[in-house]
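J.: Encoded as structure tokens, here's the structure I'll be asking about.
Protein chains in written order, with full-length UniProt numbering: chain A, 1 to 371; chain B, 1 to 371.
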């Protein structure tokens, strides 16, 4: 007899928010020439990070520091907050799971946007929450509508990615702060700032970290080039940060990753170089797109959404055709955003691969959809 | 206004199953000379593991393979099971959290031993389960009593560590298989085999992996020397393994850790050397203990429980006094096992530090307790 799963677990599908590129490569029987689908940072981490991780590997037989003391204190200094306002965790994915678990019981309402980060939805479903989806507006998450809906329904959480994934736009921090003034008591905004480092300065939230209405999620997976290391952190009011101690996996951090993140934070020159490289690649993606009659959307992130001028079928075909030509990209899940494909920034070599693959892929995709 | 936590979370204390050695070192103001308290493997991983992790670090900007395909297939071959019988996860701690979440809803009963692994209890509490604690018997978890209690109460889970932590003993696999025949339908045994590699051959469970009554937990944290890398795996029936896909953090694995574990599995020579080193260190700990009039308990693990012949107060004083002399050890939490301290195996240098520190620490501890 199988184990007796909880009723909630029985009701859940076995699912995965994303198919990983390795799985696609195995299906394809070959590696990708340009890995531009997961918004990773092909520019990699600082060489000092690699050095620090290598040095730390000599002590990989030791469990990591369960309090991430050094990293937490360095992050506190970096953000000019107290260490009590920071929780280090296993990537934003892990932290989103924790925050959902803290507040969402079966039947509790959560507001997000249709087409926003699916891993957040996965966690909400996994804890029995009831998701309320709002449409994007002008290719951005509709901040005022999200806040209004959360307030009207007494939602426990409202999710906003700023800058946005998958479309790349952003709200100014001042606009978000103003919107929070309309948020009902006891609704927590989960502000996913995974792409904060590549965003314009005015995207920063001008509120003290002690503000209990919002928790901000940051990561070393994007601009810091450490997606495979699994290090994120949350910034929030001390009582909320302390609540994670009730449920988090205390010894969940990789020890060398802790050392790597610390070194990453200590090398702002590398970060500046990455941000500059990302900006140049965004321009290059836009140039390639425009050269093929396509419309690149403005981006505050390390990727560019490119409007193919068709519908989801065309974009899906395009993802397949680019993949067949060695270029891994992804696309928004929901109409009308699914008229776009999402291309992560890459090296000059990646851009050459894209430049070459895009015209024939587009022709093939159009033919497939027309046929 | 703070977020509205779930009633369950409101009822939980902010806690941590273990204080990490780094925290103790900070409190002490100095590092430990011998780190023998967390049952880590001071013998470290294979040099080939370090090489593999270093090579993988060059691609640390990529997320890890969400399916841990290569590692899962290598583990399947290693255990002569199908890949569908294996789940790779973020250490046994992470996997215990997942299995509890799969089956334990608020109010569900779970049986374990008083003084057994506290992180398992932490997860059960964290999901609202009701823990039923049974006493150890002859310094082992009382297998027949655990099975009987789980059966009588219709518990969802029953936990057994084999070999046992913190006492070091074990049940034969045949005894466990026989006990499972008495287990009530729909109770799942969580068999924590963290120390399997250092155990005698007859500790192995002689049951097919398709047996739905048990899930086995393994780790690279102990004999493989990779505690800081956070890689464990579960062995079980395919439908149970598949159920984890509903709730696990799919992209939770560190990419270099995946590569390191794969290399560890490919170097049985190093593992054999570690097992031999552990056996010699167990003998040395026993010799040191006996030389001080103390009683080492037989161990199937990478640590030795040493009976101080007193009570919990003496053992607590001894942990403190050894710590003050640069030796980090831990001790069982519950009487009468808390008459012991638990010393992890170490290098010859570690053993010399222990040999030197133990007599004065023991004298000081006895004086403190007598005073």
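All C-beta atoms in this analysis are idealised placements derived from N, C-alpha and C, irrespective of residue type, glycine included.
Note that the coordinates shown come from a computational prediction; the quantities given were computed from them, not determined experimentally.
1. Where do the ends of the beta strand (DSSP E) carrying residue 235/A lie?
2. Out of 60/A, 323/A, 273/A, point me to the one whose CA is closest to residue 255/A's CA.
3. Residue 66/B CB to nearest chain A CB: under 8 angstroms?
4. At what residues does the beta strand (DSSP E) containing residue 161/B begin and finish?
5. Once you ignore the five residues that flank residue 183/B on each side, which residues in its own chain have a CB closer than 8 angstroms to its CB?
6. Should residue 101/B go down as buried or exposed, given a rule of 16 or more other Cβ atoms within 10 Å for buried?
7. Closer than 9 angstroms, Cβ to Cβ, to anything on chain A: give me those residues from the region 44-62 of chain B, in chain order.
8. DSSP three-state label for residue 329/B, please.
9. Measure the alpha-carbon distance for residue 93/A versus residue 313/B and round it to whole angstroms.
10. Report back the beta-carbon spacing between residue 224/A and residue 300/A to the nearest angstrom; my notes put them in contact at under 8 angstroms.
11. Which runs of the beta strand (DSSP E) fall wholly inside the region 50-133 of chain B and span at least 3 residues, in chain order?
12. Look at residue 202/B and residue 236/B and say whether their C-beta atoms are less than 8 angstroms apart.
13. For the pair the region 49-56 of chain A and the region 266-283 of chain B, tell me if three or more CB-CB distances fall below 8 angstroms.
14. Apart from the five residues just before and just after residue 380/B, which ones in its own chain have a Cβ nearer than 6 angstroms to its Cβ?
15. Thinking residue 155/A and residue 109/A are a contact (beta carbons under 8 angstroms), I'd like their distance in whole angstroms, please.
16. Would residue 250/A count as contacting chain B if we go by Cβ distances under 8 angstroms?
17. Does the structure place the region 23-43 of chain B close enough to the region 325-342 of chain B that three or more beta carbon pairs sit under 8 angstroms?
18. DSSP state of residue 205/B, grouped into three classes?
19. Who does residue 196/A pair with in a DSSP beta bridge?
20. Using a Cβ-Cβ cut-off of 8 angstroms, state whether residue 41/B counts as contacting chain A.
21. How is the beta strand (DSSP E) around residue 306/B delimited, first residue to last?
22. Suppose contacts are defined by Cβ-Cβ distances below 8 angstroms. Is residue 307/B in contact with residue 42/B by that definition?
23. Please list the partners that residue 254/B has in chain A, where partner means a Cβ-to-Cβ separation under 7 angstroms.
24. Write down the C-beta distance between residue 136/B and residue 115/B rounded to the nearest angstrom, noting that I regard them as a contact closer than 8 angstroms.
25. Looking at residue 16/A: is its Cβ nearer than 8 angstroms to the Cβ of residue 66/B?
26. Taking only beta-carbon positions, decide if residue 320/B is within less than 8 angstroms of chain A.
27. Classify residue 47/B as helix, strand or coil using the three-state DSSP reduction.
28. Does the beta carbon of residue 132/B sit closer than 8 angstroms to a beta carbon anywhere in chain A?
29. Take residue 359/A and list the residues in its own chain whose beta-carbon comes closer than 7 angstroms to its own, dropping the five residues that flank it on each side.
30. Report the residues of the region 208-221 of chain A with a CB closer than 9 angstroms to any CB of chain B, ordered along the chain.
31. So, helix, strand or coil for residue 176/B, using DSSP?
32. Against chain A, which members of the region 9-27 of chain B pass a CB distance test of less than 9 angstroms?
33. What are the boundary residues of the beta strand (DSSP E) that includes residue 344/A?
34. Count the other CB atoms, across all protein chains shown, that sit within 10 Å of the CB of residue 11/A; report buried if there are 16 or more and exposed otherwise.
35. Who are the neighbours of residue 297/A on chain B, taking C-beta pairs under 8 angstroms?
36. Please classify residue 190/A: does DSSP put it in a helix, a strand, or coil?
T.: To lay it out plainly:
1. 232-235
2. 60/A
3. yes
4. 157-161
5. 147, 150, 151, 158, 189, 213
6. buried
7. 44, 45, 49, 50, 53, 54, 56, 57, 58, 59, 60, 61, 62
8. coil
9. 43 angstroms
10. About 17 angstroms; that fails the 8 angstroms criterion.
11. 86-89, 109-113
12. no
13. no
14. Within the shown structure, residues of chain B are numbered from 1 to 371, placing residue 380/B beyond reach of any answer.
15. 4 angstroms
16. yes
17. yes
18. coil
19. The partner list for residue 196/A (beta bridge, DSSP) is empty, contrary to what the question assumes.
20. yes
21. 303-307
22. no
23. 228, 229, 230, 254, 257
24. 6 angstroms
25. yes
26. no
27. helix
28. no
29. 292
30. 212, 213, 215, 221
31. helix
32. 9, 12, 13, 14, 15, 16, 17, 18, 19, 20, 21, 22, 23, 26
33. 340-344
34. exposed
35. Simply none; closest approach about 24 angstroms.
36. strand
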